[in-house]
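Notes follow the structure.
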Amino acid sequence: MGLTEGRGPKTLWDNPAAIIRQLAPDNPVMAFAPQILRDNAERFLRGFPGLVTYAVKANPDPRVIRTLSRAGIGGFDVASPFEIDLIGRIAPKAARHYHNPVRSRMEIVHAVEAGIKAWSVDSFSELEKLFDRAPAEDCEISPRFKLPVLGAAYDFGSKFGASPELAAELLRAVAARGYIPSLTFHPGTQCSDPMAWESYIFMAARICDLAGVVARRLNVGGGFPAHRASGPAPDLEAIFQMIDRTASAAFGAQRPQLVCEPGRGLCADAFSLITRVKALRGGSDIFLNDGVYGGLTELPQIGNLGRLEVLTPEGTPRSGAPLPRVVFGPTCDSLDRLPGQLALPEDLQEGDFVIFHGAGAYSTVTNTRFNGFGQMAHLSVRTVS
Ligand SMILES: *Cc1c(COP(=O)(O)O)cnc(C)c1O
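Using UniProt numbering, read the sequence shown as starting at 1 and increasing by one per residue.
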């Protein structure tokens, strides 16, 4: 069993296999390894050439926020009054960047009262709402701009982001009103091609030129990839170095301070989702006790998680040759199916466990409880392998 006595919520299990052997959990379990999260935080803090903030929406679990805060993450990207208050409670000294570019007037009032001093915008109508309600003193406003997507698994630009020309006009207006002018972008999620950042950073410098404004800071967004596929983990350091080099090349002496706001890149690899095989049908269909309405919500959008392990209830790995299977979740909706097929061992049996590694982002927080499923236990582990 785990490193500590007892099996209360504070128990630290050795790994997912120990949980399976001891509990044979019939409901899904999300296994969280705080040490992996601390290691990821250190990797960003060591390698990224600027301020590292955490995009709370990826996984707002208070244990995640607390662990990151203690590891030295000093800022958070928040998008709603709930997230603003969550960070205010758990990490009261941290900076909060309210980087959802669309807000109701009530939300703006709430944020000003909570002490928010950093905002993003992508339109003049939203900028006017901030000019109305957010005092200019020590207050930073960052126009958010977009380019056609490159290299991202999912296109965020289709919802938010001004054209470079509009961003330049917004930046000029921000500076003219006495706010701190900065710029921000978000290249999309799970960006495995560092070129995405390069083109955005060069465009940021063009926008400053167009506006005739020196930006105080440039927030290069999230999008840092997690280890979703089998094979080597993404080379984050190469991305950090590319961002550093590009910022100097694009801005020269007027290089702004850099900020990043990873969600997935910080939290995903610290979690593994333990699911159980409820049924095999006709030798090719597998029914799991979790699916796209539970912890695997984003798979239809961005593809399967490729780092899988299949264990027997005794916790031993199944080693049969991989056989492509259609994998369904537990609800009665036919959409509740993982994309394509998953290669699972041919000797897989009903009652076995399928562990999805790297499952910590956009999973716990998007679990819907649809059809009465999704009752997920949250346990801590020393390590996930
Ligand atoms: C979602 C989001 C992020 C985090 O994205 P990841 O792909 O999880 O790193 C960062 N910034 C903004 C503005 C976002 O909306």
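Where is the CB? At the ideal position from N, CA and C, for every residue including glycine.
For residue i, collect the residues of the same chain with a Cβ closer than 6 Å to its Cβ; drop the 5 residues on either side in sequence, then sort them by chain order.
i, result
"V174", "I141, P181"
"A95", "G75"
"I239", "P194"
"E83", "V56"
"F44", "V52"
"N40", "L266"
"P324", "Q341, A343"
Starting from residue i, follow the beta strand (DSSP E) in both directions and report where the run begins and ends.
i, result
"P143", "140 to 143"
"R382", "Unbroken run through R382: none, as it is neither H nor E."
"C260", "257 to 260"
"G75", "75 to 78"
"R96", "95 to 98"
"L348", "Per DSSP, L348 belongs to no beta strand (DSSP E) and is neither H nor E."
"R217", "217 to 219"
"L311", "308 to 311"
"L338", "It is not in any beta strand (DSSP E) - L338 carries neither H nor E in the DSSP assignment."
"L266", "Element bounds for L266: not the beta strand (DSSP E) but the alpha helix (DSSP H), 264 to 267."
With residue i as the anchor, note down where its alpha helix (DSSP H) starts and where it stops.
i, result
"S248", "236 to 251"
"M203", "195 to 211"
"P34", "34 to 47"
"T67", "62 to 70"
"R325", "Per DSSP, R325 belongs to no alpha helix (DSSP H); it is in the beta strand (DSSP E), 322 to 328."
"I355", "From DSSP, I355 is part of no alpha helix (DSSP H) but of the beta strand (DSSP E) over 353 to 357."
"K57", "Per DSSP, K57 belongs to no alpha helix (DSSP H) and is neither H nor E."
"A173", "164 to 176"
"V277", "Careful: V277 lies outside any alpha helix (DSSP H), inside the beta strand (DSSP E) at 271 to 281."
"M124", "For the record, residue 124 in the displayed sequence is Phe; it is not Met. Residues 124 to 133."
"E83", "81 to 90"
"S16", "Note on identity: in this sequence residue 16 is Pro, with Ser being the wrong assignment. Note, P16: alpha helix (DSSP H), 16 to 23."
"R105", "105 to 114"
"residue 397", "For residue 397 there is no data in the structure shown, the boundaries of the chain being 1 and 385."
"L147", "From DSSP, L147 is part of no alpha helix (DSSP H); its letter is neither H nor E."
"R369", "Premise fails: R369 is in no alpha helix (DSSP H) and is neither H nor E."
"L288", "Counting along the chain, L288 falls outside any alpha helix (DSSP H), though it belongs to the beta strand (DSSP E) covering 285 to 288."
Report whether the distance from the Cβ of residue i to the nearest heavy atom of ligand 1 is below 7 Å.
i, result
"P262", "yes"
"H110", "no"
"D77", "yes"
"T189", "yes"
"F44", "no"
"A58", "yes"
"H227", "no"
"G221", "yes"
"P48", "A small fix is needed here, since residue 48 is Phe in this sequence, not Pro. False, no ligand heavy atom lies under 7 Å from that Cβ."
"H357", "no"
"F224", "yes"
"G351", "no"
"G360", "no"
"H378", "no"
"G282", "no"
"A196", "no"
"A95", "no"
"G265", "yes"
"A136", "no"
"E204", "Residue 204 is actually Ala in this sequence, not Glu. Incorrect: A204 has no Cβ contact closer than 7 Å to ligand 1."
"A279", "no"
"A167", "no"
"A55", "yes"
Apart from the five residues just before and just after residue i, which ones in its own chain have a Cβ nearer than 8 Å to its Cβ?
i, result
"I19", "W13, P25, V29, A31, I274, L379, V381"
"N304", "L338, P339, G340, L342"
"D352", "R276, V277, V310, L311, T312, P313, R318"
"G320", "P345, E346, D347, L348"
"A377", "P25, N27, P28, V29, M30"
"E350", "V277, K278, A279, L280"
"N367", "Y293, G294, G295, T297, G374, M376"
Just to confirm my understanding: we take residue i, look at its own chain, exclude 5 residues before and 5 after, and list those with CB closer than 7 Å. What are they?
i, result
"G50", "Q257, L258, V259, C260"
"L130", "I108, W119, V121, I141"
"D336", "G291, V292, Y293, F328, G329"
"D138", "K117"
"G178", "A136"
"D61", "T364"
Is residue i a contact residue of ligand 2, with contact defined as CB to any heavy atom under 7 Å?
i, result
"R228", "Absence of ligand 2 is noted for the structure shown, with ligand 1 being the only ligands found."
### Touching by the beta-carbon criterion (3+ pairs, under 8 Å), the segment 83 to 101 and the segment 279 to 299
Not touching, per the Cβ criterion.
### the segment 107 to 116 in contact with the segment 131 to 141 per 3-pair CB rule at 8 Å
Yes, they touch.
#### Entry: Meets three-Cβ-pair contact criterion under 8 Å: the segment 240 to 247 and the segment 189 to 207
Yes, since at least three Cβ pairs between the segment 240 to 247 and the segment 189 to 207 fall closer than 8 Å, the two stretches touch.
#### Entry: At least three beta-carbon pairs within less than 8 Å, the segment 265 to 282 to the segment 350 to 366
The answer is yes - the segment 350 to 366 touches the segment 265 to 282, with three or more Cβ pairs under 8 Å.
### Task
Check whether the segment 322 to 332 touches the segment 280 to 294, counting contact only when three or more Cβ pairs, one atom from each stretch, lie closer than 8 Å.
Touching, yes.
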